[in-house]
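Visitor:
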Amino acid sequence: MNEVKKEMNNFIQKIINDDSDSGKWNNRVHTRFPPEPNGYLHIGHAKSICLNFGIAEKNKGTCNLRFDDTNPVKEEEEYVQSIIEDVKWLGFDWEDRLFYASDYFEQLYEFAIQLIQDGSAYICDLSGDEIRNMRGSLNEPGLESPHRTRSVEENLELFHKMKNGEFGNGEKVLRAKINMAHPNLNMRDPVMYRILHAKHHRTGNDWCIYPMYDWAHGLEDSIERITHSICTLEFEDHRPLYDWYLNQLDIYHPQQIEFARLNLNFTMMSKRKLKQLVDENHVSGWDDPRMPTISGLRRRGYTPKAIRNFAEDVGVTKRDSIIDVVRLENALREDLNKIAPRVMGVLDPLKVVITNYPEDKTELLKAVNNPENPDAGKRDIPFSKELYIEQSDFMEDPPRKFFRLGPGREVRLRYAYFITCNEVIKNKSGEIIELHCTYDSETKGGSAPDGRKVKGTLHWVSVNDAIDAEVRLYDRLFLNENPGETDDFLANLNPESCKTQANAKLESSLSNPENITYQFERNGYFIKDEKDSMNGKLVFNRAVSLRDSWAKFFKNNGK
RNA sequence: UGGGGCGUAGUAUAAUGGUAGUACACCUGGUUUUGGUCCAGGCAGUUGGGGUUCGACUCCCUACGCCCCAGCCA
Numbered sequence: 296m297n298e299v300k301k302e303m304n305n306f307i308q309k310i311i312n313d314d315s316d317s318g319k320w321n322n323r324v325h326t327r328f329p330p331e332p333n334g335y336l337h338i339g340h341a342k343s344i345c346l347n348f349g350i351a352e353k354n355k356g357t358c359n360l361r362f363d364d365t366n367p368v369k370e371e372e373e374y375v376q377s378i379i380e381d382v383k384w385l386g387f388d389w390e391d392r393l394f395y396a397s398d399y400f401e402q403l404y405e406f407a408i409q410l411i412q413d414g415s416a417y418i419c420d421l422s423g424d425e426i427r428n429m430r431g432s433l434n435e436p437g438l439e440s441p442h443r444t445r446s447v448e449e450n451l452e453l454f455h456k457m458k459n460g461e462f463g464n465g466e467k468v469l470r471a472k473i474n475m476a477h478p479n480l481n482m483r484d485p486v487m488y489r490i491l492h493a494k495h496h497r498t499g500n501d502w503c504i505y506p507m508y509d510w511a512h513g514l515e516d517s518i519e520r521i522t523h524s525i526c527t528l529e530f531e532d533h534r535p536l537y538d539w540y541l542n543q544l545d546i547y548h549p550q551q552i553e554f555a556r557l558n559l560n561f562t563m564m565s566k567r568k569l570k571q572l573v574d575e576n577h578v579s580g581w582d583d584p585r586m587p588t589i590s591g592l593r594r595r596g597y598t599p600k601a602i603r604n605f606a607e608d609v610g611v612t613k614r615d616s617i618i619d620v621v622r623l624e625n626a627l628r629e630d631l632n633k634i635a636p637r638v639m640g641v642l643d644p645l646k647v648v649i650t651n652y653p654e655d656k657t658e659l660l661k662a663v664n665n666p667e668n669p670d671a672g673k674r675d676i677p678f679s680k681e682l683y684i685e686q687s688d689f690m691e692d693p694p695r696k697f698f699r700l701g702p703g704r705e706v707r708l709r710y711a712y713f714i715t716c717n718e719v720i721k722n723k724s725g726e727i728i729e730l731h732c733t734y735d736s737e738t739k740g741g742s743a744p745d746g747r748k749v750k751g752t753l754h755w756v757s758v759n760d761a762i763d764a765e766v767r768l769y770d771r772l773f774l775n776e777n778p779g780e781t782d783d784f785l786a787n788l789n790p791e792s793c794k795t796q797a798n799a800k801l802e803s804s805l806s807n808p809e810n811i812t813y814q815f816e817r818n819g820y821f822i823k824d825e826k827d828s829m830n831g832k833l834v835f836n837r838a839v840s841l842r843d844s845w846a847k848f849f850k851n852n853g854k
């Protein structure tokens, strides 16, 4: 047993190991990720993507991307494109195996005819209501449809007519003839085809009958020679039907395996409700940085690696669980800490005048680009008489343990000098608008030759060289830990989920930022918003803050 | 009440008959020119009850708890 296998030993991998030992699939592993293009992918899908592509990769197998596009009234091409982009961005490659359920409509139709000919399927004229009423209940068996005994010939003829558009929506369905008294409701003569006179995003008006999920899915898996068909827990009840169809047809038969979908606290994963947030403009779109969508996370500044690490980290089981969203944030911090270039940006500026610094002087100081990675090198940052520091880095009446700036206190400006605050300038309403400080020219670079220590180190930006930017600070979208469970999830929207710092000042190296996530030292990780940065206006999104033990201490101990 | 699943620290997740481990969270301390990172230490768990066994998270029985299912959605 090698290291890799030890790390990756979730229950699905164990099944694969067993299959490998028994030679069940001739050592083949072939999975698929089968999204329905009826919305954007979210972090929950990411778990499934990482599982399916990941398990194929780890076992030298392959994974297909397959659109389960069997319901034209909900599906759109826009979603297809976004899904392709998102899976690609996560770093997975389906090579030439991009498939659509709609590519198999003809074959599915032929299979249905086969079932009819075997006497295992029939056309039912009952209405939707009637079918539901006759299905029975959890405790009572259902009633058989009066059309259950139609002849094969009649069924064949009616099915042709269905296909040819001779009936209206809902007039007839094709049903499997199984058992109306089955304890599993899914087996009580489930619908295989329904009539939908709707334009499909790929097949146009070629079809007016569309296959139901249960009928279609196993066949899609079978056609693609999938070995392990991995889906979520709620389909456990459908497995007997999945198996029944494939057994009736006596064709290649993949194994369906169910795992628990991802749940995150303070996060809502329902596609329907996410769509509502978008449609009702509670967020700016599917890619709003507060959305749990892949596109939202991307715009927020998440990296594919962080998401993949997270998916690996939370594991795969059959237990319903709710993962703490801070683990997703931690996965991001972990990745970004190693790779993000450090820069200085003042979000909420307070002007500082160094009274003993020459009026017109600007000097360039060396700053480390990434202390975690010496290869990232250094850069020059301009220093001058007037600077900005963070409002929150000054307190007129500081509490114990506050080791930033206060009247008479000395702190270090990162990579620059020690400064001491001598005077606090206020406006008429008593607000602090400016600090007058003196610097110690001996401390250039940030250390004192006399060995003198300061506790605080502040980030800063030179006034003359500062770049203006709008910075958006995001917080969780919902206040409630389980927003999906409440009746009115909109009532739980966090009114402060996006705070804007309109007057942020950034160091000059950020005049033309790359499309990567930076660390603003002592603040957090930020990425330029490519959508909203326009005509000279820079907008940055905060992906996640840095861990802040001072904020925690302050919160726990009051003042 | 029928059927299908699931119960291990606060939250997740390992251990498949042999020392209950890991991560995050939480608490201490150390290092630090980011109150970041990093390092060291600590707290804390097998749903209850029986049984089998030298030995049970693991096997058996039973009780309890939680999740899913009555779309012509997926």
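Residue numbers for the first sequence, in the working numbering: 296 to 854. Glycine residues also receive a C-beta, built at the ideal position from the N, C-alpha and C atoms.
Spell out the partners DSSP gives K646 in its beta bridges.
Guide: Walking along the first sequence from the start, residue 646 turns up at place 351. In DSSP, K646 forms a bridge with Y683 and E729.
Visitor: Spatial neighbours of L841 within its chain, please: C-beta separation below 6 Å, excluding the five flanking residues on both sides.
Guide: As a working note, residue 841 is residue 546 in the first sequence. Same-chain partners within the cutoff: G819.
Visitor: Exposed or buried, which one is E809 when buried takes at least 16 other CB atoms within 10 Å?
Guide: For the purposes of this step, residue 809 is taken as the residue at position 514 of the first sequence. That one is exposed.
Visitor: Could you pull the DSSP bridge partners for Y505 from this structure?
Guide: Your numbering for residue 505 matches position 210 in the first sequence. Answer is R489, bridged to Y505.
Visitor: Taking only three categories from DSSP, how would you classify S840?
Guide: In the first sequence, residue 840 corresponds to position 545, counting from 1. Of the three classes helix, strand and coil, the one that applies to S840 here is strand, per DSSP.
Visitor: Taking E658 as part of the beta strand (DSSP E), name the residues at either end of that continuous run.
Guide: Here residue 658 corresponds to residue number 363 of the first sequence, with the count starting at 1. Taken as a continuous stretch (DSSP letters only), the beta strand (DSSP E) holding E658 covers T657 to V663.
Visitor: Please report the distance separating the alpha-carbon of N297 from that of Y710.
Guide: Against the first sequence, residue 297 aligns to sequence position 2. Against the first sequence, residue 710 aligns to sequence position 415. Residue placement at N297 cannot be trusted, given a pLDDT of 31 that sits under 50; what the coordinates show is reported in the next sentence. Their Cα atoms are separated by approximately 47 Å.
Visitor: CB Y769 to CB P599, shorter than 8 Å?
Guide: Here the question's residue 769 lines up with position 474 in the first sequence. Here the question's residue 599 lines up with position 304 in the first sequence. No, they are not a contact pair.
Visitor: Per the DSSP calculation, G640 is bridged to which residue(s)?
Guide: Numbered from its first residue, the first sequence carries residue 640 at position 345. Paired residue(s): L801.
Visitor: Can you give the Cα-Cα distance for D675 and A662, rounded to whole angstroms?
Guide: On the first sequence, residue 675 is found 380 positions in, with the first residue counted as 1. On the first sequence, residue 662 is found 367 positions in, with the first residue counted as 1. Cα to Cα, the separation comes out at about 6 Å.
Visitor: Taking 8 Å as the cut-off, does the stretch 321-335 touch the stretch 453-473 (at least 3 CB pairs, one atom from each stretch)?
Guide: Contact fails: fewer than three Cβ-Cβ distances are below 8 Å.
Visitor: Quick check: what's the CA-CA separation for C419 versus I546?
Guide: Counted from its first residue, the first sequence places residue 419 at position 124. Counted from its first residue, the first sequence places residue 546 at position 251. Computed Cα separation, rounded: 26 Å.
Visitor: Across which residues does DSSP place L788 in a beta bridge pair?
Guide: Sequence index remark: in the first sequence, residue 788 carries index 493 (1-based). For L788, which the question treats as bridged, DSSP gives the partners F773.
Visitor: Can you tell me where the beta strand (DSSP E) with E624 in it begins and where it stops?
Guide: Taking the first residue of the first sequence as position 1, residue 624 is located at position 329. Per DSSP, E624 belongs to no beta strand (DSSP E); it is in the alpha helix (DSSP H), V620 to I634.
Visitor: Express the C-alpha separation of N775 and R520 in angstroms, rounding to a whole number.
Guide: Position 225 of the first sequence holds residue 520. Position 480 of the first sequence holds residue 775. For R520 and N775, the distance between alpha carbons rounds to 43 Å.
Visitor: Measuring straight from C-alpha to C-alpha, what distance separates H523 and A476?
Guide: Position 228 of the first sequence, counted from the start, is the residue given in the question as residue 523. Position 181 of the first sequence, counted from the start, is the residue given in the question as residue 476. Approximately 30 Å, taken between the alpha carbons.
Visitor: Contact check, V749 vs R707 under 8 Å by CB: the rounded distance?
Guide: As a first step, residue 749 must be located in the first sequence, where it is residue number 454. As a first step, residue 707 must be located in the first sequence, where it is residue number 412. Contact flag correct, Cβ pair sits at about 5 Å.
Visitor: For a test of the three-state rule: what should DSSP assign to P778, helix, strand or coil?
Guide: As a position in the first sequence, residue 778 is number 483, starting the count at 1. Helix at P778.
Visitor: How would you label K300, buried or exposed, when you count the other beta carbons within 10 angstroms and need 16 or more for buried?
Guide: What you label residue 300 is simply residue 5 of the first sequence in a count that begins at 1. The pLDDT assigned to K300 is 34, lower than 50, so where the model puts this residue is not dependable; a value taken from the coordinates is nonetheless given after this. By the neighbour-count rule (16 or more Cβ atoms within 10 Å), K300 is not buried but exposed.
Visitor: Look at N542 and I618 and say whether their C-beta atoms are less than 8 Å apart.
Guide: As a first step, residue 542 must be located in the first sequence, where it is residue number 247. As a first step, residue 618 must be located in the first sequence, where it is residue number 323. Cβ distance not < 8 Å, so N542 and I618 don't count as in contact.
Visitor: Starting from the C-beta of G610, find all residues in its chain whose C-beta is less than 8 Å away, skip the five residues before and the five after it, and write them out in chain order.
Guide: Looking up residue 610 in the first sequence gives position 315. Hits under 8 Å: N305.
Visitor: Would you kindly work out how many angstroms separate the C-alpha atoms of D843 and E515, rounded to a whole number?
Guide: Reading the first sequence from its first residue, position 548 is the one you call residue 843. Reading the first sequence from its first residue, position 220 is the one you call residue 515. Looking at the two C-alpha atoms, the distance is approximately 50 Å.
Visitor: Applying the 10 Å Cβ sphere with the 16-neighbour rule, what's the burial state of F848?
Guide: On the first sequence, residue 848 is found 553 positions in, with the first residue counted as 1. Per the 10 Å Cβ criterion, exposed.
Visitor: I'd like the list of long-range same chain contacts for P693, defined as Cβ closer than 7 Å, with 5 residues on each side in sequence excluded.
Guide: Translated into positions along the first sequence, residue 693 becomes position 398. Answer for P693: G701, listed in chain order.
Visitor: According to the neighbour-count rule (16 or more other Cβ atoms, all chains shown, within 10 Å of its Cβ), is I504 buried or exposed?
Guide: Indexing the first sequence from 1 puts residue 504 at position 209. The residue is buried, with at least 16 neighbouring Cβ atoms inside 10 Å.
Visitor: Kindly indicate which residue of G640, R637, R614 and I602 has the alpha-carbon position closest to the one of N625.
Guide: Residue numbering aside, residue 625 sits at position 330 when the first sequence is read from its first letter. For the residues G640, R637, R614 and I602, the minimum Cα distance to N625 belongs to I602.
Visitor: Does the distance from the CB of I649 to the CB of Y734 come in under 8 Å?
Guide: For this step, residue 649 is matched to residue 354 along the first sequence. For this step, residue 734 is matched to residue 439 along the first sequence. Yes, these two residues count as a Cβ contact at 8 Å.
Visitor: Go ahead and pull the three-state DSSP assignment for G499.
Guide: By 1-based counting over the first sequence, the position of residue 499 is 204. Three-state DSSP puts G499 in a strand.
Visitor: Using three-state DSSP, classify S757 as helix, strand or coil.
Guide: One-based indexing of the first sequence puts residue 757 at position 462. Note: S757 maps to strand in three-state DSSP.
Visitor: Contact defined as beta carbons within less than 8 Å: I believe R323 pairs with C358. What is the distance between those atoms, to the nearest angstrom?
Guide: Counted from its first residue, the first sequence places residue 323 at position 28. Counted from its first residue, the first sequence places residue 358 at position 63. That belief does not hold up - the Cβ atoms of R323 and C358 are roughly 12 Å apart, past 8 Å.
Visitor: Please classify Y820: does DSSP put it in a helix, a strand, or coil?
Guide: Residue 820 sits at position 525 when you count from the first residue of the first sequence. If DSSP states are grouped into helix, strand and coil, Y820 belongs with the strands.
Visitor: Enumerated in chain order, which unbroken segments of the alpha helix (DSSP H) with a length of 4 residues or greater are wholly contained in the stretch 396-460?
Guide: Entirely contained in the stretch 396-460, the alpha helix (DSSP H) runs reaching 4 residues are, in chain order, 400-412, 423-429 and 447-458.
Visitor: Pick from H731, L645, R614 and D532: whose alpha carbon is nearest that of N651?
Guide: Residue mapping note: residue 651 aligns to position 356 of the first sequence, counting from 1. Ranking the options by Cα distance to N651, first place goes to H731.
Visitor: Do S517 and P549 have their C-beta atoms within less than 8 Å of each other?
Guide: Position 222 of the first sequence, counted from the start, is the residue given in the question as residue 517. Position 254 of the first sequence, counted from the start, is the residue given in the question as residue 549. Result yes, Cβ atoms of S517 and P549 sit closer than 8 Å.
Visitor: Do I762 and S806 have their CB atoms nearer than 8 Å?
Guide: Counting from 1 along the first sequence, the entry for residue 762 is found at position 467. Counting from 1 along the first sequence, the entry for residue 806 is found at position 511. Cβ atoms of I762 and S806: closer than 8 Å.
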